[in-house]
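Here the structure is laid out as structure tokens; the discussion comes afterwards.
2 protein chains.
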Amino acid sequence: MTDTRKPATIKEIARQLNVSVSTVSRALRDHPGIGLRTRQRVQALAAQLNYEPNQAAISFKQGRTRTIGLIVPNLREEFFCMAIQAVEELAQQQGYTVLIGQSHDRPAKEREVLDSMRRNRVDGVLISLAKDTREYGLFDDLKQYGLPVVFFDRVPAGQLYHGVRCNLASASSELVDLLAERGHTHIGFINGPATLAAAAEREQGIKAAAARHPGMEIVLTDTGLASHATRIAMKQLLAREVRPTAVITFNDYVALEAMAYCREHGLTINEDISFVSYAHLSFMRYLERGLLASVEQFPAEQGKAATELLLRMVEGGEGVTAGYQVLEAKLIVN
Amino acid sequence: MTDTRKPATIKEIARQLNVSVSTVSRALRDHPGIGLRTRQRVQALAAQLNYEPNQAAISFKQGRTRTIGLIVPNLREEFFCMAIQAVEELAQQQGYTVLIGQSHDRPAKEREVLDSMRRNRVDGVLISLAKDTREYGLFDDLKQYGLPVVFFDRVPAGQLYHGVRCNLASASSELVDLLAERGHTHIGFINGPATLAAAAEREQGIKAAAARHPGMEIVLTDTGLASHATRIAMKQLLAREVRPTAVITFNDYVALEAMAYCREHGLTINEDISFVSYAHLSFMRYLERGLLASVEQFPAEQGKAATELLLRMVEGGEGVTAGYQVLEAKLIVN
DNA sequence: CTGTTAGCGCCTTCAG
DNA sequence: CTGAAGGCGCTAACAG
Numbered sequence: 033m034t035d036t037r038k039p040a041t042i043k044e045i046a047r048q049l050n051v052s053v054s055t056v057s058r059a060l061r062d063h064p065g066i067g068l069r070t071r072q073r074v075q076a077l078a079a080q081l082n083y084e085p086n087q088a089a090i091s092f093k094q095g096r097t098r099t100i101g102l103i104v105p106n107l108r109e110e111f112f113c114m115a116i117q118a119v120e121e122l123a124q125q126q127g128y129t130v131l132i133g134q135s136h137d138r139p140a141k142e143r144e145v146l147d148s149m150r151r152n153r154v155d156g157v158l159i160s161l162a163k164d165t166r167e168y169g170l171f172d173d174l175k176q177y178g179l180p181v182v183f184f185d186r187v188p189a190g191q192l193y194h195g196v197r198c199n200l201a202s203a204s205s206e207l208v209d210l211l212a213e214r215g216h217t218h219i220g221f222i223n224g225p226a227t228l229a230a231a232a233e234r235e236q237g238i239k240a241a242a243a244r245h246p247g248m249e250i251v252l253t254d255t256g257l258a259s260h261a262t263r264i265a266m267k268q269l270l271a272r273e274v275r276p277t278a279v280i281t282f283n284d285y286v287a288l289e290a291m292a293y294c295r296e297h298g299l300t301i302n303e304d305i306s307f308v309s310y311a312h313l314s315f316m317r318y319l320e321r322g323l324l325a326s327v328e329q330f331p332a333e334q335g336k337a338a339t340e341l342l343l344r345m346v347e348g349g350e351g352v353t354a355g356y357q358v359l360e361a362k363l364i365v366n
Numbered sequence: 033m034t035d036t037r038k039p040a041t042i043k044e045i046a047r048q049l050n051v052s053v054s055t056v057s058r059a060l061r062d063h064p065g066i067g068l069r070t071r072q073r074v075q076a077l078a079a080q081l082n083y084e085p086n087q088a089a090i091s092f093k094q095g096r097t098r099t100i101g102l103i104v105p106n107l108r109e110e111f112f113c114m115a116i117q118a119v120e121e122l123a124q125q126q127g128y129t130v131l132i133g134q135s136h137d138r139p140a141k142e143r144e145v146l147d148s149m150r151r152n153r154v155d156g157v158l159i160s161l162a163k164d165t166r167e168y169g170l171f172d173d174l175k176q177y178g179l180p181v182v183f184f185d186r187v188p189a190g191q192l193y194h195g196v197r198c199n200l201a202s203a204s205s206e207l208v209d210l211l212a213e214r215g216h217t218h219i220g221f222i223n224g225p226a227t228l229a230a231a232a233e234r235e236q237g238i239k240a241a242a243a244r245h246p247g248m249e250i251v252l253t254d255t256g257l258a259s260h261a262t263r264i265a266m267k268q269l270l271a272r273e274v275r276p277t278a279v280i281t282f283n284d285y286v287a288l289e290a291m292a293y294c295r296e297h298g299l300t301i302n303e304d305i306s307f308v309s310y311a312h313l314s315f316m317r318y319l320e321r322g323l324l325a326s327v328e329q330f331p332a333e334q335g336k337a338a339t340e341l342l343l344r345m346v347e348g349g350e351g352v353t354a355g356y357q358v359l360e361a362k363l364i365v366n
């Protein structure tokens with residue numbers, strides 16, 4: 033009967049076995065220099081008492097929690113869920129716990145979550161920025177306190193911080209090439225908020241490719257990512273004198289909304305108007321009339337790479353410069 | 033210049049101000065009986081040093097972490113993300129941090145996550161069970177250690193545990209009534225795994241209603257939730273002598289797969305065959321030919337209610353019996 | 001109103 | 001091979 037009410041401690045084990053706490057501590061962690069006999073007795077009793085080391089005490093004592101913080105804009109997007117997946121797997125494998133936080137794309141909330149993680153003394157932070165974040169000062173503070181931070185996917189402009197991201201320029205160009213092949217010359221482009229570095233990158237890749245196709249016209253609009261904003265953008269495109277026959281959207285979620293708008297206005301997808309996009313969302317395959325193509329941005333790979341960087345910094349102590357890594361996005365044609 | 037490298041402590045503040053640590057401790061927490069002047073000086077310096085209380089130390093000292101564990105089968109399903117959302121909001125509001133874990137619907141992983149949370153000394157656990165979990169012994173252990181556990185949505189059979197769930201019986205009946213109204217008499221039913229209590233509940237509600245509609249036939253199949261299993265189930269239904277004109281699926285994800293299978297086999301959704309389902313997934317609205325209806329299971333409400341129960345137990349200390357709560361699911365017709 | 005002190009569970013020297 | 005002792009940051013008696 034082990035109904036001790038409160039969890040077993042090292043001290044309790046020591047008492048019951050008439051040994052010292054340090055012996056128990058060492059025995060439990062297979063420290064060399066503890067008699068086999070003693071070790072077995074200790075471990076047996078620990079198992080019997082259902083002993084679990086008090087991580088709160090260990091964290092306190094060691095000055096590190098073996099926990100890393102992971103801040104994402106939200107959990108609704110499959111992209112971030114897959115990144116989380118990868119981060120957790122790798123982290124757990126290395127004995128780390130992952131504390132997940134959502135910024136809901138609001139800088140204020142982002143700061144709140146970050147402070148909470150700081151209070152909880154995470155050993156490092158992985159973060160994909162909120163779409164409106166322009167101020168990076170708070171991350172500099174962390175650096176000052178020796179708390180490593182690695183950005184992924186939504187990274188600050190420039191490469192002053194450690195991070196992992198996906199380069200979209202050439203995949204964006206391929207997107208345009210694909211549309212050209214299929215005979216599209218009038219193309220709408222619903223880009224995302226300019227605060228996101230990836231928005232500029234899309235635009236750049238798209239414009240560069242368009243320039244190589246004589247007679248091709250790209251009409252640029254944008255969305256704040258909310259569905260009504262997307263609808264307004266789509267409306268603008270449909271109102272053009274020469275209606276686009278293809279649209280490039282910022283991501284698959286935007287594409288869904290834009291396609292719905294088109295259907296509601298009597299257009300048939302893939303006949304009157306076609307769509308290509310970014311994210312390669314798995315749900316899209318269930319659409320009867322879906323995308324021509326979508327750009328894969330490798331969330332799992334980004335998450336994994338970012339975690340590797342972070343853990344290297346965390347474990348490496350002070351003087352480790354983790355660096356900056358760029359993956360290449362890939363066009364996936366349906 | 034505050035580049036102290038290591039985070040500021042209460043002790044450091046005390047030293048700089050020539051007061052005792054307890055004064056600082058009290059001042060920071062607005063303890064009554066600290067001079068206004070002193071309090072201000074302390075708080076000012078704390079702010080200047082960017083002081084954050086060391087939660088690891090507090091947890092250690094207090095024997096509680098102000099953290100609750102939240103275990104869900106996965107993050108891919110919108111249902112769980114919405115539940116998480118609600119849990120976090122309420123928990124944070126009460127000063128708690130939420131530690132999220134995924135069981136990936138595997139009992140072994142579920143236990144692992146639970147152990148990790150126990151090691152991390154969470155003050156309580158919210159859990160939606162893995163689909164194959166049949167053993168509840170590990171939860172009894174927690175009870176023994178005085179660690180409160182509240183189940184939600186996927187709860188153990190019976191009501192021996194604290195929990196919140198959604199009753200699906202009457203909404204399931206309404207589903208059948210709706211199909212009858214629309215003139216369907218031959219109906220397929222792809223249910224989920226029998227390990228889930230909610231599967232039996234669906235079946236019960238559906239059969240009860242079917243009995244009230246003379247001439248109605250329900251053909252039962254099931255899926256393990258993997259997409260190939262769903263396809264096999266759908267194949268069986270299409271192979272019937274009298275092909276069903278409507279299908280009830282376990283949830284919207286299953287419906288998507290089943291609908292795709294039908295399309296691939298030349299059927300037109302909502303003409304040759306119609307679908308109704310459970311979950312009310314937001315994505316479904318983007319389908320050109322979608323569901324007739326879906327049953328809303330109120331993830332946010334369940335999460336909120338479960339958190340309320342749990343926090344009551346956590347705060348209430350020993351003798352609080354939290355209880356069991358049942359919400360009523362709601363049919364949403366498109 | 002403020003200071004002193006003990007101790008939470010564990011690890012880690014330092015002595016035996 | 002094992003024991004004793006100190007201390008991580010903080011709170012909470014208990015004294016002044």
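If you read the sequences in order, they're chains A and B.
First residue of the first sequence: 33, per this note's numbering; consecutive thereafter.
First residue of the second sequence: 33, per this note's numbering; consecutive thereafter.
Glycine included, every Cβ here is placed at the ideal spot set by N, Cα and C.
Being a predicted model, the structure only gives us computed values, none of them experimental.
Chain-ordered chain A contacts of B/R138 [CB-CB under 9 Å]: Here the premise fails: no neighbours, minimum Cβ distance about 14 Å.
Cβ-based contacts, 8 Å cut-off: residues of the region 312-326 of chain B near chain A: F315, R317, Y318, L319, E320, R321
Meets three-Cβ-pair contact criterion under 8 Å: the region 113-131 of chain B and the region 318-338 of chain B: yes
Proximity test, Cβ basis, 7 Å: A/L378 and chain B: Within the shown structure, residues of chain A are numbered from 33 to 366, placing residue 378 of chain A beyond reach of any answer.
B/P344 - containing alpha helix (DSSP H), residue span: As written in the sequence, residue 344 of chain B is Arg, which differs from the Pro given in the question. Element bounds for B/R344: 331-348.
Contacts of B/N129 in chain A (Cβ-Cβ under 8 Å): A quick correction: the sequence has Thr, not Asn, at residue 129 of chain B. Those within 8 Å of B/T129 in chain A are L131, S148, N152.
Pair within 7 Å by beta-carbon distance, B/A59 and B/T70: The answer is yes: Cβ separation under 7 Å.
Rounded C-alpha distance that separates A/T339 from A/Q126: 10 Å
Enclosing alpha helix (DSSP H) for A/K267 [first to last residue]: 259-270
Backbone CA spacing between B/V51 and B/Q75 [nearest angstrom]: 13 Å
Reference A/Q191, options A/F330, A/V104, A/A229, A/F221, closest by Cα: A/A229
Extent of the continuous alpha helix (DSSP H) run through A/S91: Start and end: 87-94.
Partner residues on chain A for B/I116, Cβ-Cβ distance less than 7 Å: L107
DSSP state of B/K362 mapped onto helix, strand, coil: Shown here, B/K362 sits in a strand according to DSSP, grouped into three states.
N- and C-terminal bounds of the alpha helix (DSSP H) containing A/G133: Counting along the chain, A/G133 falls outside any alpha helix (DSSP H), though it belongs to the beta strand (DSSP E) covering 129-134.
C-beta atoms of B/V181 and B/V157 nearer than 7 Å: yes
Chain B within 7 Å of A/P39, Cβ atoms only: yes
Collapsed DSSP secondary structure at B/I219 in the structure displayed: strand
Residues near B/D35 by beta carbon distance below 8 Å, same chain, minus five either side: With a pLDDT of only 43 at B/D35, under 50, the local geometry of the prediction cannot be trusted, and the value read off the model is given with reservation. Correct list: empty, nothing qualifies.
Nearest-angstrom Cα separation, counted from B/I305 out to A/K239: 45 Å
C-beta neighbour in chain B for A/C198, strict 7 Å: no
Beta-bridge partners of A/Y356, as assigned by DSSP: Looking at the DSSP assignment, A/Y356 forms a beta bridge with A/G195.
Sequence-distant residues of the same chain with beta carbon closer than 7 Å to A/A287, five excluded per side: Counting only Cβ-Cβ distances below 7 Å, and skipping sequence neighbours, we find T281, F307, S309, L323.
Simplified DSSP state of B/F315, which is helix, strand or coil: If DSSP states are grouped into helix, strand and coil, B/F315 belongs with the helices.
Reduced DSSP secondary structure (H/G/I, E/B, other) of B/Y310: strand
Which of helix, strand or coil DSSP assigns to A/S160: If DSSP states are grouped into helix, strand and coil, A/S160 belongs with coil.
Contact list for A/D173 against chain B, beta-carbon separation under 8 Å: Going along chain B in sequence order, the residues near A/D173 (Cβ under 8 Å) are N82.
The region 87-101 of chain A: positions lying closer than 7 Å to chain B by Cβ: Q87, A88, A89, S91, F92, T97
B/A46 versus A/Y128: straight-line alpha-carbon distance, rounded: 34 Å
Residue interval of the alpha helix (DSSP H) (run including A/L252): Per DSSP, A/L252 is not a residue of any alpha helix (DSSP H); the beta strand (DSSP E) it occupies stretches across 249-254.
Closer than 7 Å to chain B by CB, A/C294: no
Classification of B/H63 by the beta-carbon crowding that lies within 10 angstroms, buried from 16 upward: exposed
B/Q124: CB within 6 Å of a non-hydrogen atom of the ligand NAD: In the structure shown, the ligand NAD is absent, as is every other ligand, since no ligand is present at all.
CB contact below 7 Å: A/M33 versus chain B: In this prediction, A/M33 scores a pLDDT of 36, lower than 50, which makes its location untrustworthy; the coordinate-derived value is nonetheless stated afterwards. No, A/M33 lies away from the interface with chain B (no Cβ there is under 7 Å from its Cβ).
Stretch-stretch touch, CB-based, cutoff 8 Å, three pairs: the region 83-90 of chain A with the region 138-151 of chain B: yes
Option nearest A/R375 by Cα separation, candidates B/R321, B/V358, B/K38, B/H216: This structure leaves residue 375 of chain A out entirely; chain A is present only between 33 and 366.
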